[in-house]
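Visitor: Residue numbers (numbering that gives the first Met the number 0), protein chains in the order written: chain A, 0 to 289; chain B, 0 to 321.
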Amino acid sequence: MNQIFDIFLLEAVLNGVLLGGLLALLALGLNLIFGVIDVVWICYAELMMIGMYCIWWLHVEAGLSLWIAFPAGVLAIAALGAGMHHFVIRPVLTAEPINQLLVTGGVLFFLQAIATVVFGVEFRNIGVRLPSIIVGDLNFSLARVLSFVIAIGAIGATYLFLSRTYLGTAIRAISQDRAIMPLMGVNPSRIYLMTSAMGGGMAGLAACLLVLQYDVHPAIGLSFGPITFMICVLGGLGNLIGGFVAAFVFAQFISVGGFFFQLEWGYVLAFAFFIVMMFWKPEGLLSRRR
Amino acid sequence: MNSRIVFFVVLAALLAAPLTGIGKYPLHLMVMGLLWAFIYTSWSIMGRLGMVSFGHGAFLGVGAYTVVLLWNLWGISPWIGAVVAVAITLVLAFMIGYPCFRFRIVGHYFALVTLALSEVVRLIIVGLRDQTGGSLGITPKSAMTDGATVSISALQFSNKLVWFYIMVGCWLFALYVWRRVDQSMQRLALQAISEDEDAASSVGIDVNRTKLAVTLLSAAMTCVGGVLYAQYQLYINPETVSGIGISLQMVFGVIAGGMFVMLGPTVGAVFLLVLSESLRVLIGNEILGVDITIYGLLLILFIIYMPKGILGAILARFGDAR
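1) Hey, how far is the Cα of A:ILE88 from the Cα of A:GLU45?
2) Here's the rule I'm using: 16 or more other beta-carbon atoms within 10 Å means buried, otherwise exposed. How should A:ARG288 be labelled?
3) Would B:GLY308 pass as an interface residue toward chain A - the criterion being a Cβ-Cβ separation below 8 Å?
4) So, is the C-beta of B:GLY257 closer than 8 Å to a C-beta in chain D?
5) Beta carbons nearer than 9 Å to chain B: which residues of the segment 106–126 of chain A have them?
6) Mind reading off the beta-carbon distance from B:SER241 to B:LEU59? Whole number of angstroms is fine, and I expect it under 8 Å.
7) Could you check which residue in B:GLY136, B:LEU135, B:ALA153 and B:GLY133 has the C-alpha nearest to that of B:ALA142?
8) I need the straight-line Cα distance from B:TYR97 to B:ASN207, nearest angstrom please.
9) Restricting to Cα atoms, I'd like to know which of B:PHE251, B:VAL176, B:LEU13 and B:ILE124 is closest to B:SER52.
10) What does B:VAL125 touch in chain A if you count any residue whose Cβ is under 8 Å from its own?
11) Over what stretch of residues does the alpha helix (DSSP H) that includes A:VAL120 continue unbroken?
12) Would you mind reading off the limits of the alpha helix (DSSP H) that contains A:LEU137?
13) Using beta carbons (cut-off 8 Å, strictly below), is B:SER277 in contact with chain A?
14) If you measure between the beta carbons of B:PHE259 and B:ARG47, is that distance less than 8 Å?
15) Would the beta-carbon of A:MET83 fall within 8 Å of that of A:ALA206?
16) Is A:SER131 helix, strand or coil by DSSP?
17) Within the segment 36–89 of chain B, note down every full alpha helix (DSSP H) run reaching 4 residues or more, in order along the chain.
18) Any contact of the segment 227–239 of chain A with the segment 21–37 of chain A, i.e. 3+ C-beta pairs under 8 Å?
19) Determine which residues of the segment 170–183 of chain B have a Cβ less than 9 Å from any Cβ of chain A, and write them out in chain order.
20) From the DSSP output, in three-state form, read off A:GLN212 for me.
21) Using C-beta distances below 8 Å, list every residue in its chain close to B:VAL119, excluding the 5 sequence neighbours before and after it, in chain order.
22) At 7 Å on the CB atoms, spell out the chain A contacts of B:GLY106, in chain order.
23) Please state the DSSP three-state secondary structure of B:ALA320.
24) Answer with yes or no whether the minimum CB distance from B:THR292 to chain A is below 8 Å.
25) Identify, in the order they occur along the chain, each residue of the same chain with its Cβ nearer than 7 Å to the Cβ of A:VAL91, setting aside the five sequence neighbours on each side.
26) Is the separation between the beta-carbon of B:SER38 and that of B:MET249 shorter than 8 Å?
27) Please report how far the alpha carbon of B:LEU298 lies from the alpha carbon of A:LEU9, in whole angstroms.
28) Can you check whether the C-beta of A:VAL267 is within less than 8 Å of a C-beta belonging to chain B?
29) So, for B:ARG321: in the same chain, excluding its five sequence neighbours on each side, which residues have a beta-carbon less than 7 Å away from its beta-carbon?
30) What separation, rounded to the nearest whole angstrom, lies between the Cα atoms of B:ALA110 and A:ASP136?
31) For B:ALA57, return the contacting residues in chain A, with the cut-off set at a CB-CB distance below 9 Å.
32) Strictly below 9 Å CB to CB, what residues from chain A border B:VAL250?
33) Label A:GLY152 either buried or exposed according to how many other C-beta atoms from any shown protein chain fall within 10 Å of its C-beta, with 16 as the threshold for buried.
34) Output the boundary residues of the alpha helix (DSSP H) element that contains B:ASN207.
35) Who does B:SER150 pair with in a DSSP beta bridge?
36) When Cβ atoms are compared, which residues of the segment 20–44 of chain A fall closer than 7 Å to chain B?
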C-alpha cells in the first residue's frame with residue numbers, strides 16, 4: 000500500500016514539474032511585458048484562451064492541419080498582443096498605474112465575453128488525443144511531456160534572443176532605464192510594440208500546448224490568469240529568472256496539494272503560500288535585500 | 000450651505016420615491032443601486048487614499064457566506080452571523096493589511112496580493128462544496144412560515160420597501176464615514192502617505208497604524224454589504240460575491256463614477272447598474288455574452304478617455320472644487 004502511495008506521489012511531483020514548464024512560459028511572457036512596459040496585463044491568460052479558440056477553429060471548423068493551425072495561432076495572438084498594446088495600453092501609458100491595471104481588467108471581461116458570443120459556452124476540443132508514456136510504474140501523458148519540452152525550448156530561445164541579439168539588448172536596456180534609452184537613440188514605442196507582440200506570441204505558444212491537454216471554454220483563462228501573475232509577483236515582477244523558479248514552486252503546490260486534497264485546495268495552498276511569501280520576501284524569491 | 004440644501008431635497012425625494020407606487024422592478028433596481036453604492040463607497044474610503052484593493056470580493060464573500068452558512072447549518076440568527084462575519088473580516092483584513100503595510104507592499108504589489116486573497120476566499124468556498132454548495136451557490140432557508148412576510152430574527156423581509164429603507168440607511172452611513180475620514184486629520188495624513196510615505200513618516204505620522212485603521216473600516220463595511228446582499232437576494236454563489244470578477248467590478252464602479260468625490264462611487268454604482276440592466280433588456284438573453292462584451296468595451300473606453308470618472312469629470316468641467 001505504502002509502495003503504491005509513493006508512486007502516485009512521485010507521479011504528482013513529476014506532473015508538477017511538467018506543469019511548471021508551461022506556467023514558466025506564461026510567466027515569462029507576462030514578465031517580459033511588465034519588465035519593459037511596466038504594466039501588468041491582467042488579461043494575459045485571456046489572450047491564451049483566444050489562441051486556443053483560434054487553433055480549435057482553424058483545425059476543426061476550417062479543417063486545416065495542426066501543422067498550419069499551430070503557427071497561425073501563435074501569429075494571431077502575437078498580432079493580438081501588438082494590437083492590445085497599440086489600442087489599449089498606449090493611450091494610458093502616462094496614466095495612473097491603477098488605471099493601467101484596470102484597463103487590462105476591462106480587456107479581460109471583453110475577451111471572455113466575445114469568446115462567449117462567438118463560440119458559446121460549450122467545451123470544445125480539437126479531438127487529438129496523444130498516448131501516454133509509461134516508464135516503469137509511472138504514467139505520463141505525451142502531451143504534457145511535449146509541452147514541457149517545447150516550453151523549456153521556447154524559454155531557452157528567449158534567453159538567447161535577449162542576451163545575443165541587438166533587439167534583445169535594447170529590450171533589456173529599456174527595462175533597466177526607461178528614461179535614458181530614448182536619449183541613446185532607441186525608439187521606445189517600437190520596442191514596446193515588439194515586446195507586446197513577443198509576449199502575445201508566448202501566450203499563443205502556450206495556447207498550442209494547452210489545447211492538446213484541455214478543452215477550450217471561455218472561462219479557461221481564469222484558471223491560469225491569477226496563477227500566472229502570482230508567479231510573476233512571487234519571482235519579483237519583471238525578474239525573468241525569478242519567475243521561472245517561482246513557476247516550478249507553484250506548480251508543485253498545485254500538483255502535490257491537489258494530490259493530497261482536491262484540486263481547489265492545491266490552488267488554495269499555492270495562494271496561501273504566495274501571501275506568506277509576499278511578507279517574507281516582498282521583492283521576490285530571488286531578491287537579496289528585504 | 001447651498002449644496003447641503005440640495006442634498007437634503009434630493010434625499011427627501013429619494014425617500015419619498017417608493018411611496019408613489021412605482022413597480023416592483025424599479026424598486027428592486029433602487030435597492031440594488033443603493034446596496035452597490037454602499038459597497039463602492041466603502042471600497043473608496045481606502046481606494047482614494049492610494050490603497051487600491053483588488054481583494055474586496057474576499058470581504059464581501061466572507062460576509063455573505065458566513066451568515067448564510069451559520070443560519071442554514073445551525074440556525075444561528077443572521078444578526079449574530081453578521082457580528083461573526085465582521086469579526087472574521089477584521090481578522091482577515093488585519094492579516095493582510097498589517098504585513099502589507101509593515102513591509103511597504105504598495106501599488107501593483109498591493110493590488111495583486113489582495114487579488115490573491117479574493118481568489119483564496121472564492122476557492123475555499125468552492126472547495127467546501129459539501130457545506131457551501133460549491134459553484135452552484137446556496138440559498139438561505141426561508142423563515143417565512145405560515146404566510147409571514149417579516150422575520151426580524153432571520154433578517155428576512157419579503158417587502159422590498161423595508162430593504163429600501165435599510166439600504167438608504169447604510170448608504171447614508173457610508174457617506175457619513177467617507178466625510179468623517181475626509182475631514183479628519185487622518186485624511187491629511189493618509190494623503191501625505193499616498194504621495195510620499197517616507198516624507199510622511201519623517202514628520203511624525205504613524206503610517207502603518209493609519210493605513211490599517213482605514214483598511215479595517217473599509218473591509219468591515221464591505222462585509223456588511225455582503226451580509227445585506229445575501230439577505231436581500233436570498234441566493235449567493237462564489238462568482239457573484241467573491242473572486243476576481245466582483246473585485247474588479249467594485250474598482251471599476253468607483254473609477255467610473257469618480258474616486259475622489261464623495262458621491263463618485265454612488266454615481267458609479269448607478270451607472271453600472273443602469274448600463275448592465277439596459278444592455279440586458281435591449282439585447283435580451285438570446286445571444287449569451289453580448290451585454291458583457293459591450294460592458295467591457297465601455298469600461299476600457301471609460302478608463303482611457305475619462306480617467307477621473309463621470310462625476311469627477313463633470314465637477315472638473317464646472318470648476319466646482321469640492
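A virtual CB, placed ideally from N, CA and C, is assigned to each residue, including glycine.
Guide: Answer, in terms of the structure:
1) If you number the first sequence from 1, residue 88 of chain A lands on position 89. If you number the first sequence from 1, residue 45 of chain A lands on position 46. CA-CA distance, A:ILE88 to A:GLU45, rounds to 16 Å.
2) On the first sequence, residue 288 of chain A is found 289 positions in, with the first residue counted as 1. For A:ARG288, the predicted model reports a pLDDT of 43, less than 50, meaning its position is unreliable; a value from the coordinates is still stated below. Residue environment for A:ARG288: exposed (fewer than 16 other C-beta atoms within 10 angstroms of its C-beta).
3) Sequence index remark: in the second sequence, residue 308 of chain B carries index 309 (1-based). Taking Cβ atoms only, chain A never reaches closer than 8 Å to B:GLY308, which makes this a no.
4) In the displayed structure, chain D is absent; the protein chains listed are A and B.
5) Legend: CB atoms of the segment 106–126 of chain A lying less than 9 Å from CB atoms of chain B belong to residues VAL106, LEU107, PHE108, PHE109, LEU110, GLN111, ALA112, ILE113, ALA114, THR115, VAL116, VAL117, GLY119 and VAL120.
6) Within the second sequence, residue 241 of chain B is the residue found at index 242, counting from 1. Within the second sequence, residue 59 of chain B is the residue found at index 60, counting from 1. The pair is a contact, with the Cβ atoms about 6 Å apart (cut-off 8 Å).
7) For this step, residue 142 of chain B is matched to residue 143 along the second sequence. Closest by C-alpha distance to B:ALA142, out of B:GLY136, B:LEU135, B:ALA153 and B:GLY133, is B:ALA153.
8) Sequence index remark: in the second sequence, residue 97 of chain B carries index 98 (1-based). Sequence index remark: in the second sequence, residue 207 of chain B carries index 208 (1-based). So the alpha carbons of these two residues sit roughly 7 Å apart.
9) Stepping through the second sequence from its first residue, residue 52 of chain B is reached at position 53. Just measuring C-alpha positions, the residue of B:PHE251, B:VAL176, B:LEU13 and B:ILE124 sitting nearest B:SER52 is B:PHE251.
10) The count along the second sequence starts at 1 and reaches residue 125 of chain B at position 126. Near B:VAL125 (Cβ distances below 8 Å), the residues of chain A are GLU263.
11) Against the first sequence, residue 120 of chain A aligns to sequence position 121. Element bounds for A:VAL120: n/a, residue is neither H nor E.
12) As a working note, residue 137 of chain A is residue 138 in the first sequence. Per DSSP, A:LEU137 belongs to no alpha helix (DSSP H); it is in the beta strand (DSSP E), 137–140.
13) As a position in the second sequence, residue 277 of chain B is number 278, starting the count at 1. It does not: the Cβ of B:SER277 has no partner Cβ on chain A nearer than 8 Å.
14) Within the second sequence, numbered from 1, the residue matching residue 259 of chain B stands at position 260. Within the second sequence, numbered from 1, the residue matching residue 47 of chain B stands at position 48. Yes, they are a contact pair.
15) Mapped onto the first sequence, residue 83 of chain A falls at position 84. Mapped onto the first sequence, residue 206 of chain A falls at position 207. No, the Cβ-Cβ distance between A:MET83 and A:ALA206 is not below 8 Å.
16) If you number the first sequence from 1, residue 131 of chain A lands on position 132. Looking at A:SER131 - three-state DSSP - the assignment turns out to be strand.
17) The segment 36–89 of chain B contains these whole alpha helix (DSSP H) runs: 55–73.
18) Touching, per the Cβ criterion.
19) The residues in question: there are none.
20) Translated into the one-based positions of the first sequence, residue 212 of chain A becomes position 213. DSSP places A:GLN212 in coil when its eight states are reduced to three.
21) One-based indexing of the second sequence puts residue 119 of chain B at position 120. Same-chain partners within the cutoff: ALA57.
22) For the purposes of this step, residue 106 of chain B is taken as the residue at position 107 of the second sequence. Residues of chain A whose Cβ lies closer than 7 Å to the Cβ of B:GLY106 are, in chain order, PRO96.
23) Taking the second sequence and counting its residues from 1, one reaches residue 320 of chain B at position 321. Only weak support exists for where B:ALA320 lies, its pLDDT of 48 falling under 50; the value from the coordinates is given anyway. Collapsing the DSSP output to three states places B:ALA320 in coil.
24) Sequence index remark: in the second sequence, residue 292 of chain B carries index 293 (1-based). For B:THR292, a Cβ of chain A is located within less than 8 Å of the residue's own Cβ.
25) As a working note, residue 91 of chain A is residue 92 in the first sequence. Within the same chain, A:VAL91 has close Cβ partners ASN98, GLN99 and VAL102.
26) As a working mapping, residue 38 of chain B is identified with position 39 in the second sequence. As a working mapping, residue 249 of chain B is identified with position 250 in the second sequence. The residue asked about is misnamed: residue 38 of chain B is Ile in this sequence, not Ser. A contact, by the Cβ cut-off of 8 Å.
27) Here residue 298 of chain B refers to the residue found at position 299 when the second sequence is read from its first residue. Here residue 9 of chain A refers to the residue found at position 10 when the first sequence is read from its first residue. Approximately 46 Å between the Cα atoms of the pair.
28) On the first sequence, position 268 is the one that residue 267 of chain A refers to. Output row for A:VAL267: interface = yes.
29) As a first step, residue 321 of chain B is located in the second sequence; it is residue number 322 there, counting from the start. For B:ARG321, the predicted model reports a pLDDT of 46, less than 50, meaning its position is unreliable; a value from the coordinates is still stated below. Closer than 7 Å at the Cβ level, and outside the excluded window around B:ARG321, lie VAL260 and LEU314.
30) Numbered from its first residue, the second sequence carries residue 110 of chain B at position 111. Numbered from its first residue, the first sequence carries residue 136 of chain A at position 137. C-alpha separation (whole angstroms): 44 Å.
31) As a working mapping, residue 57 of chain B is identified with position 58 in the second sequence. Neighbours of B:ALA57 on chain A: none; closest Cβ ~11 Å, over 9 Å.
32) Within the second sequence, residue 250 of chain B is the residue found at index 251, counting from 1. Per Cβ cutoff of 9 Å: ILE97, LEU100, LEU101 and GLY104.
33) As a first step, residue 152 of chain A must be located in the first sequence, where it is residue number 153. If you draw a 10 Å sphere on the C-beta of A:GLY152, you find fewer than 16 other C-beta atoms in it, and that means exposed.
34) Working through the second sequence from its first residue, we reach residue 207 of chain B at position 208. For B:ASN207, the enclosing alpha helix (DSSP H) starts and ends at 206–232.
35) In the second sequence, the residue the question calls residue 150 of chain B occupies position 151. According to DSSP, which records beta bridges pairwise, B:SER150 is partnered with B:GLN155.
36) Correct list: VAL39.
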